[in-house]
Amino acid sequence: MPPTGPAAPVSPTVSAPRKVAAAARDYRGVVHDLSKDVMTGWMNQLQDATRNGAPSAYMMISGNCVEILRCFDILPVFPEINALQLAIRKKALPYILKAEEIGYASDNCAYVKADMGYTLSGGVGENGTIPRPTFIVCNFVGCNVYIKWFEQCAAMMDVPIVMIDIPFVRENQPSPEDVRYVMSQLEELIGTCERLTGKKFDIDRLREILGYSARAEEGWALAKSLCRNRPAPFDCYFDSINMMGPINALRGTKDAADFFDAAVAHYQKMVEEGVGALDEEKFRIVVEGPPPYPYYRNFRNLFERWKAVAVQSTYSTVGGTWEFGFRHDPDRPLESIAEQMLLHNLCNRTMIERYRQIKTYVESWHADALVIHSVKSCRLFSAGQGDMREYFTKELGIPTLMVESDLEDPRYYAEAQMKNRIDAFFESLEYKRVREAAAV
Amino acid sequence: MTVVDETVQQCRDLLDLLPAQALAKARERHPGIGGFAVFPVYAPVEIIHAAGLMPLGLFGVGSKLEITHADSRFQSFICSIAKSTLELFLRGEMTPFAGAVFSSICDVARNLASVAKRNAPDMYIEYLHLPQNAASEATRTYTRAEFRRFRDNLSARVGRPITDDAIRSSLDVFNRVRRLVRALYEHRRSHPGTLSTGELFAVLQACTRMMPEDAAVLLEDLLNSARTRKPLARDSVRVVVEGSFCEQPPIELIEAIESAGCQIVDDDLLVGWRLFKADVPTAGDPVANLADAYVAGSMYTSVRYDSGQPRTEGLVQRVRAAGADAVVFAAAKFCEPALLDYVLFRKILDERNIPHLKLEFEEKMWTFDRLRTEVETFTESMLFD
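Protein sequence lines, in the order shown, are assigned to chains A and B.
Be aware that the first sequence starts at 1, since it is given in our numbering, and climbs by one per residue.
Be aware that the second sequence starts at 1001, since it is given in our numbering, and climbs by one per residue.
So this is what it looks like as structure tokens:
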């Protein structure tokens, strides 16, 4: 099944006159700062909750039901974001090693290890930056490691856990039984929230929250669609992180909806002015797989020096595939939450569906090549990416590069080797262009 | 050679065959029987059997086949069983089978089902989402629907109905097999030195490559023979082996553990094929009975979350019930569920003062000396401390 729903409205692909690099660099400042503002607000809430005991709950990013927590004023806490932040600030390794001391294997997901190491080191709780949660909501959406991770958090912190088991998409559509199963579990979650907070469930509040979600989702889709333009106004892999925080962690808030309105307006203006993510856009790529957060800037530089811009990425759709049209629906609150968890996110869909998603990206976002960043930690993403390369190169004839490192553990990033492979790939793309131009 | 020796040797010979060869072997006794491959850990094999097919356990290929294609599809940090299973599909070795079933045990198995399907587009490949939430009131209804979906899809594929009566008959056969397996486990536990785990493991694995009717006869003979066997007494440490629920260790590894001074008194080897603690009722709706048994009557495994039956307590109970002195973790290299579970298992064993040792294995291991030395050191530390 191709990604569902109509694509969001999009401006026609145009080749606009190039503007100077300074203007291109400036855009990062604006949206990055907007994102930082709203995310800092949330992180301050987390910090406050470590001391004031405000109700909070752990939750996973992928296909989450954060709107239900929000309905009860339960502060969502995302251990994945904690792990990500430790990595990007180059602080992950000591926590990874700490976790390995208590038995985690070198082959286990380093997101789990960094977060557990941080917890064991006092990062969670009264003296830390993250509150000990009132309870844990394990939204099992695709990634089996989620289950182990949250089970271990619950055991180590002695807090209750609620499992939300989301059947994997194994037919074209989730069956009515799948939807009913998820709806029942959401209703049970609501009951748990009522018991733990003493608040009565208010469906009108949920509708209002979902209205904000839908607005943010619309903004996400519009922003990504703008990357169909030449030049793309932002790098849809490296800069998507600015939008992933608000869409996944803050979805359902007015702040997140407003953020997307502002971000879209900014990107739209860039498109109108012909300003791109780089001073020159030479190659358009689609990127598959999470980035190497411990070397985020280094990795980005390896592409920028070739004037390569990501016009789409799969990693940015872990939380939701909003660009293919799905929106939370205030008129069908629980149904639409269930449908999103089941179908409209990357993690709960098969590899074959991911191939289709990437193929759509390459075709509709006018990409020259596919880059697969294979990370050891996340086998949901990586297991079988060699087959993906086989499919895109041999069956579709799309130039594809596959490189390996990790999203969290800095020990797996080998800069020289990475640079060699990336350079060789773009050299060959460049040569191919020269050859094709000569043949015309 | 004793009867046990002969039986074990026959089983080892059967395990030396590739899956398609094992199916051909089954056809000598059951002409024309179709085969259906079952990737670990669990699948409702009764439904496959009731469709007139032989369910065959797909446990990798060990050293029987060189991996020449699958290595380029699955990276170096992916477990052996995923690669060797894909190799079978890529080489057309699964063509004689009517289909294969995978389930929601881990991220690798899920992607493997997709990659196998893409590379064998004409083959029927089913994927089951087995429930991870045992606490919800909706779980039984969901699981029944999932098993019915499997029955209906399989029925459409084979072009004949899979009737309730046929499933009841299959339940009878598999109940008998599981009863015998439980009796063999009890015998091994209570009569040390009369049946080694190396022997039992070879026979049980071979039983996943034959019709269950034949497996039942074989197991009954084995049980009767083991009961008359003279015990071979030796000093040893009674251990539970944990962590081998999916990819199976080489038999030589189990033998190395035993020869290093361990008497294995319980384990999670091949657990998906002996999952139910009691017979599954045949009266009433047999698919519902099977689904209910999965939800409420299963042994714990590392691929299933069950808030009412924590695996940590399950392991401690397993140790206590078997009268074991220690636990040996034997986890497949890169097996995320086993390696993650080790953290909580280790914690509870430390808290309860139960000694433990961790080993990792791969399909293509061929030397076991280092592991044997590790186990020897471990057992000696227990025997002579």
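Heads up, the beta-carbon is just placed ideally off N, CA and C, and yes, glycines get one too.
This one's a predicted model, so the numbers in the text were calculated from it and none came from an experiment.
One or two residues paired with residue i in a DSSP bridge
i	result
A:V162	A:V137
A:H373	A:V403
A:Q312	A:V286
B:D1266	B:V1240
B:S1298	B:F1276
A:L75	A:S56
B:L1126	Residue 1126 of chain B is actually Glu in this sequence, not Leu. Answer is B:V1101, bridged to B:E1126.
B:E1360	B:A1331
A:P167	Bridge partners of A:P167: none, in fact.
Among the options, nearest to residue i - alpha-carbon criterion
i	options	result
A:R297	A:N52, A:R89, A:N64 and A:V38	A:R89
B:S1103	B:A1156, B:V1041 and B:L1015	B:V1041
B:S1244	B:D1268, B:P1019 and B:T1194	B:D1268
B:L1349	B:V1328, B:E1360, B:E1336 and B:F1334	B:V1328
B:T1373	B:K1364, B:E1363, B:M1365 and B:L1359	B:L1359
A:F135	A:Q85, A:S56 and A:M183	A:S56
A:D409	A:N52, A:N108 and A:T50	A:N108
A:V286	A:C347, A:M402, A:F78 and A:R379	A:M402
B:G1261	B:V1158, B:L1223, B:D1325 and B:I1081	B:D1325
A:I61	A:H373, A:N348 and A:K91	A:N348
B:Y987	B:P1286, B:S1136, B:R1149 and B:G1032	Missing from the structure shown is residue 987 of chain B; chain B here goes from 1001 to 1385 and no further.
A:A54	A:T360, A:P76 and A:N301	A:P76
B:T1208	B:V1280, B:V1237, B:D1235 and B:A1043	B:A1043
B:D1005	B:K1277, B:E1242, B:S1196 and B:C1246	B:S1196
A:M156	B:Q1248, B:L1056 and B:F1345	B:F1345
A:Y412	A:K98, A:A110 and A:V141	A:A110
Outcome for residue i when other beta-carbon atoms lying within 10 angstroms are tallied against a minimum of 16
i	result
B:I1257	buried
B:T1002	exposed
A:T253	buried
B:W1273	buried
A:V434	exposed
B:F1384	exposed
A:V14	Its pLDDT being 44, under 50, A:V14 is placed unreliably by the model, and the measurement read from it follows with that caveat. So A:V14 counts as exposed.
A:Q173	exposed
A:Q385	buried
B:N1353	exposed
A:R284	buried
A:I147	buried
A:N420	exposed
A:K36	exposed
6 Å CB neighbourhood of residue i in its chain, flanking five on each side removed
i	result
B:D1130	Correcting the residue identity first, residue 1130 of chain B is Leu in this sequence and not Asp. Correct list, in chain order: S1103 and S1104.
B:A1100	A1037 and I1125
B:F1177	Checking the sequence shown, residue 1177 of chain B turns out to be Val, not Phe. Taken in chain order, the residues that qualify are P1212, A1215 and A1216.
B:C1011	A1202, V1203 and A1206
B:G1193	P1231, L1232 and A1233
A:D226	The sequence given here has Leu at residue 226 of chain A, not Asp. Around A:L226: P233, Y267 and V271.
B:G1034	L1053 and A1098
B:A1020	E1093 and P1096
A:M476	Since the first residue shown for chain A is 1 and the last is 440, residue 476 of chain A is missing from the structure and cannot be characterised.
Nonlocal neighbours in the same chain, by C-beta distance under 7 Å from residue i, ignoring five residues either side
i	result
B:L1018	V1061, K1064, L1065 and E1093
A:Q340	G63, G320, F326 and H328
A:E427	none
Cβ shell of residue i (< 8 Å), same chain only, five flanking positions each side left out
i	result
A:G122	G128
A:C193	I68, L69, C71, F72, I74, K199 and F201
B:G1314	M1299 and Y1300
B:I1078	V1108 and F1334
B:L1223	L1180, A1183, L1184 and H1187
B:E1220	L1180
B:L1253	A1330, L1359, F1361, M1365, F1368 and L1371
> Quick one, which residues of the stretch 129-143 of chain A are near chain B if we go by CB-CB under 9 Å, in chain order?
Replying inline: C138, F140, G142 and C143
>> Output needed in chain order: residues of the stretch 1091-1120 of chain B with a Cβ under 8 Å from some Cβ in chain A.
In response: S1104, I1105, C1106, D1107, V1108, R1110, N1111, L1112, A1113, S1114, V1115, K1117, R1118 and N1119
> In chain order, what residues of the stretch 33-50 of chain A put their CB closer than 8 Å to some CB of chain B?
Replying inline: none
>> Output needed in chain order: residues of the stretch 1165-1198 of chain B with a Cβ under 9 Å from some Cβ in chain A.
In response: none
>> Beta carbons nearer than 8 Å to chain A: which residues of the stretch 1305-1317 of chain B have them?
In response: Y1305, S1307 and T1312
> Which residues, in chain order, does the stretch 1120-1134 of chain B contribute to contact with chain A at a C-beta distance below 9 Å?
Replying inline: E1126, Y1127, L1128, H1129, P1131, Q1132, N1133 and A1134
> Which of the residues in the stretch 1251-1266 of chain B, read from start to end, lie with their CB under 9 Å from any CB of chain A?
Replying inline: none
> In chain order, what residues of the stretch 1336-1352 of chain B put their CB closer than 8 Å to some CB of chain A?
Replying inline: E1336, P1337, L1339, L1340, D1341, Y1342, V1343, L1344, R1346 and K1347
>> Output needed in chain order: residues of the stretch 1134-1147 of chain B with a Cβ under 8 Å from some Cβ in chain A.
In response: A1135, S1136, E1137, A1138, T1139, T1141, Y1142, A1145 and E1146
> Of all the residues that make up the stretch 220-239 of chain A, which are near chain B by a beta-carbon distance shorter than 7 Å?
Replying inline: none
>> Give me the subset of the stretch 345-368 of chain A whose CB atoms are less than 9 Å from a CB atom of chain B, sorted by chain position.
In response: T350, M351, I352, E353, R354 and Y355
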